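In what follows, a structure is listed as structure tokens, so that the remarks can point back to it.
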Amino acid sequence: MRIAYRMVITAAAVMIPALDSAIGQSAVASPPPPYPAPGRMVDVGGWRLHLNCTGDSTRSAPTVILEPGIGDFSVEWSLVQPGVAKFARVCSYDRAGDGWSDTGPDPRTFHQIVYELHTLLTNAGVRPPYILAGHSYGGWLIHEYRAEFATEVAGMVFVDAGALDPWRMTPDRGLVRSSQLVSGRRIPPVKTSGPLREADVPQVAMNQIMRGTTRAAQTANEAPRDKLPPEAQAMRTWALGRWQHAAAANNPFEADELAALNARLAEKKEYPFDDMPLIVLTRGVAEESGQDGKAFEAEHRQDHAAVAHLSRVGKLIVAERSGHHIQIQEPELVIKAIQEVLQAAASPRR
939 MRIAYRMVIT AAAVMIPALD SAIGQSAVAS PPPPYPAPGR MVDVGGWRLH
989 LNCTGDSTRS APTVILEPGI GDFSVEWSLV QPGVAKFARV CSYDRAGDGW
1039 SDTGPDPRTF HQIVYELHTL LTNAGVRPPY ILAGHSYGGW LIHEYRAEFA
1089 TEVAGMVFVD AGALDPWRMT PDRGLVRSSQ LVSGRRIPPV KTSGPLREAD
1139 VPQVAMNQIM RGTTRAAQTA NEAPRDKLPP EAQAMRTWAL GRWQHAAAAN
1189 NPFEADELAA LNARLAEKKE YPFDDMPLIV LTRGVAEESG QDGKAFEAEH
1239 RQDHAAVAHL SRVGKLIVAE RSGHHIQIQE PELVIKAIQE VLQAAASPRR
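Numbering-wise, the sequence shown is residues 939 to 1288 according to our numbering.
In structure tokens form, the structure reads like this:
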């Protein structure tokens, strides 16, 4: 079956080879960010992450944690966070290498990112329980967070999250499932020190990265991101033009980590999340047309229905006016879903 190719992420995405044998030649220094960080910079072990928490800090209800998609950072939630802050304590953050955050260790595995988020929240004094909301790639990360720190998670909201066995375009095998790319390699342990430096990146790789970031900066605010506030758009243009942005997405172990996530979910045949409050938001506007597009969208909906079924009380909601970026196109729907999950998690009956 041919699938709409533009919806498939290439498995041969930017990978940074031979970091330990690189020579240190500098890329063109980037200017400082156009705006100061709205939150605070928190040390997580020799590198700092940007954490922006808003809303009443005295609330005893769970804190909402917003996890962005791949290549995105805290500004992607600019239309959601103010609304959530009216009824909850809510935190967005920038993963290492993106937004205002420092570059972290390489590679950027799910395990590494979840370790850093957990350390960030701990060091910042943001105590559990949490309601985790993840968009796209961020859906995999909140899956991983719950797998590692289940007792800290009181509820989850998936915002058009990635499939657990997505399609991938490969240079030699064409279109394959992620599960067909499992290498069996040992996923590297979490690194608690040694953030990636510019001098660690081979010049050939740096040249390739800089060509890509130049293109990315030029298209940083195409629709629907043109709906974001001007300050958010300016930050996206700046951030996507830096080599750190590419390094932040370097995970050659993605297929193996997804396979491990699926294996853990399969250990309990029905309702792995028991009765945890869970809402899955799925797009209602197709990203592709034609027969291939229809097949892809039907599969996309089925994937999300399966995620909703992970909990006895899971719910699937269609964002009728949105494509992939529901948090930008229908932010009120995301806000409402977070509020519903929060209320369910805070209910005395639980």
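Cβ atoms here follow ideal geometry from the backbone N, Cα and C, with glycine treated the same way. All figures in this text were calculated on a predicted structure; none of them were measured in a lab.
Residue-level contact to chain C via CB, residue i, 9 Å cutoff
i: Asn-1189; result: Considering every chain present, this structure includes no chain C. It has just one protein chain.
Bounding residues of the beta strand (DSSP E) (the contiguous stretch that carries residue i)
i: Thr-1108; result: 1105 to 1108
i: His-988; result: 986 to 992
i: Ala-1099; result: That residue, Ala-1099, is in no beta strand (DSSP E); it is neither H nor E in DSSP.
i: Gly-1112; result: 1112 to 1115
For residue i, the first and last residue of its enclosing alpha helix (DSSP H)
i: Ile-1003; result: From DSSP, Ile-1003 is part of no alpha helix (DSSP H) but of the beta strand (DSSP E) over 1001 to 1005.
i: Arg-1084; result: 1075 to 1086
i: Ala-1275; result: 1269 to 1284
i: Pro-1168; result: 1168 to 1178
i: Val-1195; result: Note on residue identity: the sequence assigns Glu, not Val, to residue 1195. Here the alpha helix (DSSP H) through Glu-1195 covers 1192 to 1204.
i: Trp-1015; result: First-last for Trp-1015: undefined, no H or E at that position.
i: Arg-1149; result: 1141 to 1156
i: Asn-1189; result: Run containing Asn-1189: none; DSSP gives neither H nor E here.
i: Thr-1041; result: Premise fails: Thr-1041 is in no alpha helix (DSSP H) and is neither H nor E.
i: Ile-1051; result: 1048 to 1061
i: Arg-1250; result: Here Arg-1250 belongs to no alpha helix (DSSP H), and DSSP marks it neither H nor E.
i: Gly-1021; result: 1019 to 1022
Paired residues, beta bridge with residue i - DSSP
i: Thr-1220; result: Val-1256
i: Ile-1069; result: Val-1002, Gly-1093
i: Arg-978; result: Leu-989
i: Val-1028; result: Thr-992, Val-1002
Exposed unless 16 or more other CB atoms sit within 10 angstroms - verdict on residue i
i: Ser-998; result: exposed
i: Gln-1050; result: buried
i: Gly-977; result: buried
i: Asn-990; result: buried
i: Gln-1240; result: exposed
i: Ala-1186; result: buried
i: Asp-1138; result: buried
i: Ser-964; result: Note that Ser-964 scores 45 on pLDDT, short of 50, meaning its location in the model is unreliable and no value can be drawn from it.
i: Asn-1145; result: exposed
i: Gln-1362; result: This structure cannot settle anything about residue 1362, because the visible part of the chain is limited to 939 through 1288.
i: Pro-969; result: exposed
i: Ala-1283; result: buried
i: Leu-1151; result: For the sequence presented, residue 1151 should be read as Thr rather than Leu. So Thr-1151 ends up on the buried side.
i: Ser-1116; result: buried
i: Lys-912; result: Given that the chain is displayed from residue 939 to residue 1288, the structure contains no residue 912 and the question cannot be resolved.
i: Ile-961; result: Confidence at Ile-961 is low in this model, with a pLDDT of 30, below 50, so the placement of that residue is unreliable and no value is reported for it.
i: Pro-972; result: exposed
i: Gly-1179; result: buried
i: Ser-1131; result: exposed
i: Asp-958; result: Its pLDDT being 35, under 50, Asp-958 is placed unreliably by the model, and the measurement read from it follows with that caveat. The residue is exposed, with fewer than 16 neighbouring Cβ atoms inside 10 Å.
i: Gly-1007; result: buried
i: Asp-1212; result: exposed
i: Ser-1030; result: buried
Integer Cβ distance of residue i from residue j, believed to fall under 8 Å
i: Gln-1265; j: Val-1013; result: Actually they are not in contact, since the Cβ atoms of Gln-1265 and Val-1013 sit about 11 Å apart, beyond 8 Å.
i: His-1183; j: Asp-1036; result: 6 Å
i: Pro-1045; j: Phe-1191; result: 7 Å
i: Thr-1047; j: Glu-1195; result: 6 Å
i: Asn-1061; j: Val-980; result: 5 Å
i: Ile-1255; j: Leu-1199; result: No, Ile-1255 and Leu-1199 are not in contact; Cβ-Cβ is about 23 Å, not under 8 Å.
i: Arg-1106; j: Val-1114; result: 6 Å
i: Ser-1298; j: Met-1214; result: Lying before the first or after the last residue shown, residue 1298 is absent from the chain, which here runs from 939 to 1288.
i: Ser-1121; j: Ala-1170; result: The Cβ separation is near 37 Å, so there is no contact.
i: Leu-1216; j: Val-1251; result: 7 Å
i: Glu-1054; j: Ala-1034; result: 6 Å
i: Leu-1289; j: Ala-1026; result: Not covered by the structure: residue 1289. The range shown for the chain is 939 to 1288.
i: Pro-1133; j: Trp-1038; result: Actually they are not in contact, since the Cβ atoms of Pro-1133 and Trp-1038 sit about 15 Å apart, beyond 8 Å.
i: Val-982; j: Thr-1057; result: 4 Å
i: Asp-1103; j: Arg-1221; result: Not a contact, Cβ separation roughly 19 Å.
i: Glu-1268; j: Ala-1257; result: 5 Å
i: Ala-1092; j: Pro-1000; result: 5 Å
| query | Looking at C-beta atoms only, is the number of pairs between the stretch 1071 to 1089 and the stretch 981 to 1000 that lie closer than 8 Å three or more? | reply | Touching, no.
| query | Should the stretch 1078 to 1087 be regarded as contacting the stretch 1153 to 1168, the criterion being three or more beta carbon pairs within less than 8 Å? | reply | Not touching, per the Cβ criterion.
| Using 8 Å as the Cβ pair cut-off and three pairs as the minimum, do the stretch 1002 to 1016 and the stretch 1165 to 1178 touch? | Proximity of the stretch 1002 to 1016 to the stretch 1165 to 1178 meets the contact definition, three or more beta-carbon pairs being nearer than 8 Å.
| task | Check whether the stretch 1054 to 1069 touches the stretch 1218 to 1236, counting contact only when three or more Cβ pairs, one atom from each stretch, lie closer than 8 Å. | result | With the cut-off at 8 Å, the stretch 1054 to 1069 and the stretch 1218 to 1236 do not touch.
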